[in-house]
Each structure stands twice: as C-alpha cells, then as structure tokens.
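So the structure is just underneath, and the comments pick up after that.
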Amino acid sequence: MTLRTTLTAVSALTASLCLTAPALADPPRLETKGDTQQLIVNGKPMLMIAGELSNSASSSAAYMEPHWKRLKDMNLDTVLTPVSWELIEPTEGTFDWSSVDSQIKAARANDLKLVVLWFGAWKNSMSTYVPAWVKRDQQRFPRAQLPNGQGVEILSTFGAETLKADQRAYAALMAHLKAVDSKDNTVVMVQVENEIGMLPVARDYSAAANAAYREPVPAELVNYLVAHKDALVPGMRRMWLERGARTSGSWDDLFGGGDASAEVFAAWHYARFADQLAAAGKAAYPIPMYVNVALNRPGRIPGEYPSGGPLPHLLDVWKAGGPHLDFLAPDIYFPNFVDIVNGYKRPDNVLFIPEAHNASNPVAAANAFYAIGQLDAIGFGPFSIDSVDEEPGGLKDAYGVLQQLKPYILDAQGTDRMVGFKPRQLYDETLVYEPETRDVGPYRFTIAYADIQKPVANPGADASQPGTTAAIAAAGGMIIQTGPEEYLIAGQGITVTFKPRADASALAGIDSAWEGHYDATGKWVAQRLLNGDQTHQGRHVRLGTGQWQIQRLKLYTYK
C-alpha cells in the first residue's frame, strides 16, 4: 500500500465518520515575534497552559469522561494526549479513528485544545505501542540488538519497512486531523514519537547498524558542524574540535570512538527517522511538530539513559538531522530546571515543556512562571494531569493567574518588557536563592524569595510555610511592563524592590500598588490599595507565600 492510496482511503473513511469534515482553514503554525516565536491558532497567538495525560488515559473514552471538565476547571486550556499506533491501525491498512475522534469531541465540548502525542515506533525508548502485526514480525520489522546479538523491545532505525509503516500510519493520522479539524484547530501541535533513545547500550548493534557505523559520517552532519562551528553546544564543540574538527572520516575518527561516537551515531539515525516521519505528516497536514527528550542524569553513560535522543549535548546532531521538526522539547523531572530550559531556548528553538514534575509538586507552578516569563515558552505541561484534577493543589490557582495574564504575556513575548524568576536549584537539590535582579523598562527590580529573612528550617515542610526550603523552592513569578512606569507583578513567595536605571542617585517610589484580578471579560477588578505595612512604607511589593496573586504597580522617580 502506498502513501497516496493510504491517504485516499483515509479521505473516504472520514466521510463516514460522525465528525463532519469542515472547510479548510489556516492550520496552526509558529510565527516569529521579536526574538522568539509564537504559536498561532485560528489566526491568533496562543499560550498553552497545559497538562499531559498519563500514558493510558486516552485509550478509554469512559475513563476520560469525568476528567475533561475537571481539567478545564483546573484552568487548563490545552491537554497533551497520547494517540497510539496500536489503537488506530489494529489491522494493517485498516484505520480506527474512534479513540482520536472521542478526544476531539470532548476537548471541543470543554473549550480545550489538544497536543497529540504520537506513540508510534517508540515510546520511552521501547516499542510497546506498535500494533501486534508489527510486534510479531521481526523479519519485516527488525529489532535493535545488543552486542551479543540479543534483540531488545526496541525497533531498529535501520528497518526500512518500519519507517514505511510508521510513515503511513502517521500520515494517515495527520490527514484525518486535517479532514475533521482544520476549521476548529482543536489539535494545535503533534509530538513525533516519545522520548526516543537506545537502551541499555549506546547504539543498535544489529548487522545493518554495524554496517552503517563503518560508513563515513554523512556530509549533511559534517556540513552542519562546519557551518555552525562557533555556535555548537559545548559538549559537541569539544568532542569535534578536540579531534581536529575533521570534515571526513568515520564516526570514531570525528567523535572519538567508544560510547561517545556511538551515541552521536544513534542520535543521527533517530533524528533522520523522526524527520522523515514529520515530513510525511506535514505533507498531509502541516502543523507544528516536535520531538521530546528524556534527559540524562549526570555521571551516567549512554544506554544507562536513553542514548541518542535530543539531549543537551546532542542538539546540534538533531538540528542537522531533523529539518522538518519545528523544535526540540525537554521533559524535565530533575531539580535543575533553570539550567535545563536555558539550554533549550535558542534562536533556532522555541521553548516548550511538554512534560514536567507532577502537578501535585508545588515547584511545577514556579517552573511555569519562570519558563513563560523569562524565556517566552509557548507552553508548559505537568505530567499525569488526570491523576490530580480532583485535588489540584496550588497549580489550579497558579494557572488561574496565568490565564488572567495571558493577553499581556502574549503581547510582551519577544520583547524586553517581560521577565520571570524563581530560585535556581542544582541537580543535587541545592538551592541558590540569593536575591536576583531584572531590568524592565526604566527600573531595575530586585527579587528576594519566600521571606528569606526568616530562619530556613524543616527541609521537608509544607511549601506554604514561609522561610522553609520547600517554600523557597516553590517561590517565583514574573513582571510585565504595561506602560512607561506601570507593571504587573505576579507570583508568590517573593519580595520585590526597585531602583531607577538611568540615574544612580535617584530613588524609586510607589505611586500606587493595587491587588486584584482580571475577570472573565479581561477587566481589572481592583481589591485593596496597598500601602503602609503592606508595602513596607512604600519600599517594596510583597506577594506572600502560598497564594498566587497579581499586583498592579505604578512607580515614580524622586531624589
């Protein structure tokens, strides 16, 4: 069956579905704004205030039925949801769209958008979401192998039939989405595979992989390294330059042999597979597509983590091998969130965090504020959102504030009028929480965290208790300039002071500081006019621990 005949069959099948095929509209896209990109949906910029479902949730419409409204009530506007190959093509060439259509209908009914996670050839390295007819035919769909020849539950990137079959299924899915959703744009993006990477060794050791490893490094990769020599990520730059920045030779010649070159080899072939998948999908329906990554722990060798995914030290390999991919996105469960996201925000890579700490973790909200405010992230999504939607904790309130601020965030993206902040944690969970400064408009703001003037104690204490390490880790926020001397400050657990930037001898005072919120129409609803003890007699703005809130601030300068 060819790709063309598959798409023809999909079009015919769509006509019989309960979802009416709408008129074609502009598909979702990424568009440059200032020094970043925005997601454009139905002609307007969108910020994804999101959550990702647990892996098996979307396989059952009955399971999901009570969750959709609860997710909306949590102040989400986007749900990241798996679509698995085994469900949509249980028999080769015959597609069942019921699991896809039920999610689109439910999302529309609850005014939610979807990001589809394609669980095709790989999910968390393994190949367990492929149909049974793929699993059982090892000759046609070969497995990756260990050095001793033992196969693993991971399909080889060197299976030509594997790529063709995955492409057909993925292109059929994209054609179906175009047919049933191009007017509404309920589905705004698609993730290509999930957390690609080789385990438990650095690369595939099948006969086909070994033969490819003996071949020269492809010219496309070498040409990319040469063209981007001064901008390569430190790990790749060091690996290549220390060996003379060679422009021809084997993988061992260019990258040093052992696990290092084996992982670059694996990354190249995973990237090429994903890119060809994305190209087939975009030929059917060209909406934004990305690949996510399971990050590597410090001190681990390739294969002890998923080797060859779009990891921080392999971003250049993926950029060279995946031109049809719009961006690469980190899944972040490690404490060093600030360090990780700063590596993925690049001129050629918009930031999106599709999967992060579970929503019940109070750090998740602070991470969202930092990524969106400081790095213009187009979205943020804690994992297993369906497991906490009955008791969402502080994430619901934090997301409510982000929803209120969304028009101002979208307006400020790509400019210097918005900043975000949170305490930096190291991988070993050490907190770095000295006061930070941010320049916004004519003022320099200094941010201190979570009442740090109080003794820090009880490391495991509730994050709502001021002065504890838990409270400091969960603190954060953002500042958005809305006028010459007017600002929105949002967050929790922060104390903010300010000083004029232009004149070192001048001082800044508070003209007014209002607490309040924006209603459903976007109108500001003022509450208390803060002064006296609440502003330290005009010296600071304080947003207390445990309550995500907004203050509207107007400053003035005096001597």
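Just remember that the working numbering sits 84 ahead of the position in the sequence shown, which is counted from 1. Each residue gets a CB set at the ideal place from its N, CA and C atoms; glycine is no exception.
Handout entry: Buried versus exposed, by CB contacts within 10 Å (16 or more), Lys267
Key = The count along the sequence shown starts at 1 and reaches residue 267 at position 183. Under this definition Lys267 is an exposed residue.
Practice task
Report yes if the CB atom of Asp180 is closer than 8 Å to the CB atom of Ile172, and no otherwise.
Solution key: Locating residue 180 in the sequence shown gives position 96, counting from the first residue. Locating residue 172 in the sequence shown gives position 88, counting from the first residue. Less than 8 Å divides the Cβ of Asp180 from the Cβ of Ile172.
Problem - Counted within 10 angstroms of its Cβ, other Cβ atoms place Pro539 as buried (16 or more) or exposed - result: Residue mapping note: residue 539 aligns to position 455 of the sequence shown, counting from 1. Residue placement at Pro539 is flagged as unreliable, the pLDDT there being 47, under the threshold of 50; a coordinate-derived value is accordingly withheld.
Exercise for the section: Determine the direct distance from the alpha carbon of His441 to that of Phe464, and round the result to whole angstroms. Expected result: Numbered from its first residue, the sequence shown carries residue 464 at position 380. Numbered from its first residue, the sequence shown carries residue 441 at position 357. One C-alpha to the other measures close to 11 Å.
Problem - With 16 other Cβ atoms within 10 Å as the buried cut-off, status of Asn307 - result: The count along the sequence shown starts at 1 and reaches residue 307 at position 223. Its Cβ having fewer than 16 others within 10 Å, Asn307 is exposed.
Problem - Own chain, CB closer than 7 Å to Lys490, minus 5 neighbours either side, in chain order - result: Along the sequence shown, one-based indexing puts residue 490 at 406. Here the set comprises Leu131.
Practice task
Counting only runs of 4+ residues fully inside the region 397 to 477, write out the alpha helix (DSSP H) ranges in chain order.
Solution key: Whole alpha helix (DSSP H) segments, 4+ residues: 399 to 405, 421 to 428, 447 to 459.
Practice task
Kindly confirm or deny that the region 116 to 131 and the region 505 to 519 touch, where touching means at least three C-beta pairs closer than 8 Å.
Solution key: No: the two stretches stay apart, fewer than three of their Cβ pairs being nearer than 8 Å.
Problem - Through-space distance from Asp587 to His312, alpha-carbon basis - result: Looking up residue 312 in the sequence shown gives position 228. Looking up residue 587 in the sequence shown gives position 503. Going from the Cα of His312 to the Cα of Asp587 covers about 41 Å.
Handout entry: Beta-bridge pairing of Lys207 - partner residues as DSSP gives them
Key = Taking the first residue of the sequence shown as position 1, residue 207 is located at position 123. DSSP output for Lys207 lists Met210, Asn278 as bridge partner(s).
Handout entry: Per-residue DSSP class, three states only, for Pro106
Key = Taking the first residue of the sequence shown as 1, we reach residue 106 at position 22. Residue placement at Pro106 cannot be trusted, given a pLDDT of 45 that sits under 50; what the coordinates show is reported in the next sentence. Coil, per DSSP.
Practice task
Within the same chain, show all residues whose beta-carbon is closer than 7 Å to that of Gln537, passing over the 5 residues directly before and after it, in chain order.
Solution key: Along the sequence shown, one-based indexing puts residue 537 at 453. Since pLDDT at Gln537 reaches only 48, below the 50 mark, its modelled position is unreliable, and the value read off the structure follows with that caveat. Hits under 7 Å: none found.
Practice task
Identify the continuous beta strand (DSSP E) that holds Asn376 and give its terminal residues.
Solution key: The residue given as residue 376 occupies position 292 in the sequence shown. For Asn376, the enclosing beta strand (DSSP E) stretches over residues 373 to 378.
Problem - Reference Glu170; option with closest CA among Ser142, Tyr147, Glu439, Ala286 - result: Taking the sequence shown and counting its residues from 1, one reaches residue 170 at position 86. Cα-wise, what sits closest to Glu170 is Ser142.
Handout entry: Residues near Met210 by beta carbon distance below 7 Å, same chain, minus five either side
Key = The sequence position of residue 210 within the sequence shown is 126, counting from 1. Here the set comprises Glu237, Ile238.
Practice task
May I ask you to list the residues that DSSP assigns as paired with Gln509?
Solution key: Walking along the sequence shown from the start, residue 509 turns up at place 425. Looking at the DSSP assignment, Gln509 forms a beta bridge with Leu515.
Exercise for the section: Assign Val609 to buried or exposed, taking buried as 16 or more other Cβ atoms, counted over all protein chains shown, within 10 Å of its Cβ. Expected result: If you number the sequence shown from 1, residue 609 lands on position 525. Only exposed fits Val609, as fewer than 16 other CB atoms lie within 10 angstroms of its CB.
Practice task
Could you spell out the range, first to last residue, of the alpha helix (DSSP H) harbouring Thr246?
Solution key: Residue 246 sits at position 162 when you count from the first residue of the sequence shown. If you look at Thr246, you'll find it in the alpha helix (DSSP H) that goes 244 to 265.
Practice task
Could you tell me which residues DSSP pairs with Leu639 in its beta bridges?
Solution key: Working through the sequence shown from its first residue, we reach residue 639 at position 555. DSSP lists Ile594 as partners of Leu639.
Problem - Touching by the beta-carbon criterion (3+ pairs, under 8 Å), the region 111 to 130 and the region 151 to 158 - result: These segments do not touch.
Problem - Among Asn139, Ile385, Asn426, Ala146, the one whose alpha carbon lies nearest that of Val200 - result: For this step, residue 200 is matched to residue 116 along the sequence shown. When only C-alpha atoms are compared, the closest one is Asn139.
Problem - Leu627 and Gly525 closer than 8 Å at C-beta - result: Numbered from its first residue, the sequence shown carries residue 627 at position 543. Numbered from its first residue, the sequence shown carries residue 525 at position 441. No, they are not a contact pair.
Problem - Distance, Ile563 Cα to Trp598 Cα - result: Residue numbering aside, residue 598 sits at position 514 when the sequence shown is read from its first letter. Residue numbering aside, residue 563 sits at position 479 when the sequence shown is read from its first letter. Rounded to whole angstroms, Trp598 and Ile563 show a C-alpha spacing of 14 Å.
Problem - Distance CB(Asp148)-CB(Ala190) smaller than 8 Å - result: Taking the sequence shown and counting its residues from 1, one reaches residue 148 at position 64. Taking the sequence shown and counting its residues from 1, one reaches residue 190 at position 106. Before going further, note that residue 148 is Met rather than Asp in the sequence given. Pairing Met148 with Ala190 gives a Cβ-Cβ distance under 8 Å.
Problem - Collapsed DSSP secondary structure at Phe582 in the structure displayed - result: By one-based count along the sequence shown, residue 582 stands at place 498. Annotated three-state conformation of Phe582 is strand, per DSSP.
Exercise for the section: Out of Gly577, Gln509, Arg585, state which residue places its alpha-carbon closest to the alpha-carbon of Thr521. Expected result: For the purposes of this step, residue 521 is identified with residue 437 of the sequence shown, where counting begins at 1. Out of Gly577, Gln509, Arg585, Arg585 has the C-alpha closest to the C-alpha of Thr521.
Practice task
Would you kindly report the start and end of the unbroken beta strand (DSSP E) that includes Glu237?
Solution key: Here residue 237 corresponds to residue number 153 of the sequence shown, with the count starting at 1. For Glu237, the enclosing beta strand (DSSP E) starts and ends at 235 to 239.
Problem - Secondary structure of Arg501, DSSP reduced to three states - result: In the sequence shown, counting from the first residue as 1, residue 501 sits at position 417. Under the three-state reduction of DSSP, Arg501 is assigned to coil, being neither helix nor strand.
Exercise for the section: Consult DSSP for Ser391 and reduce its assignment to one of helix, strand or coil. Expected result: Position 307 of the sequence shown, counted from the first residue, corresponds to residue 391. DSSP places Ser391 within a strand segment (E or B) once states are collapsed to three.
Handout entry: Same chain, Cβ closer than 6 Å to Phe411, five either side skipped, listed in chain order
Key = Against the sequence shown, residue 411 aligns to sequence position 327. Here the set comprises Tyr374, Asn433, Val434.
Exercise for the section: Consult DSSP for Glu176 and reduce its assignment to one of helix, strand or coil. Expected result: Locating residue 176 in the sequence shown gives position 92, counting from the first residue. Here Glu176 sits in coil by DSSP.
Problem - DSSP three-state assignment for His601, whether helix, strand or coil - result: Position 517 of the sequence shown, counted from the first residue, corresponds to residue 601. The three-state reading of DSSP puts His601 in strand, counting E and B together.
Exercise for the section: Have a look at Asp119 and Gly616 and give me their C-alpha separation to the nearest angstrom. Expected result: Taking the sequence shown and counting its residues from 1, one reaches residue 119 at position 35. Taking the sequence shown and counting its residues from 1, one reaches residue 616 at position 532. So the alpha carbons of these two residues sit roughly 40 Å apart.
Exercise for the section: Could you spell out where the beta strand (DSSP E) holding Ser168 opens and where it closes? Expected result: Locating residue 168 in the sequence shown gives position 84, counting from the first residue. It spans 162 to 168 - the beta strand (DSSP E) in which Ser168 sits, taken as one unbroken run.
Handout entry: Reduced DSSP secondary structure (H/G/I, E/B, other) of Thr530
Key = Within the sequence shown, residue 530 is the residue found at index 446, counting from 1. Thr530 falls in the strand class under three-state DSSP.
Exercise for the section: Report yes if the CB atom of Ser290 is closer than 8 Å to the CB atom of Glu347, and no otherwise. Expected result: Numbered from its first residue, the sequence shown carries residue 290 at position 206. Numbered from its first residue, the sequence shown carries residue 347 at position 263. Their beta carbons are not under 8 Å apart, which means Ser290 does not touch Glu347 by this criterion.
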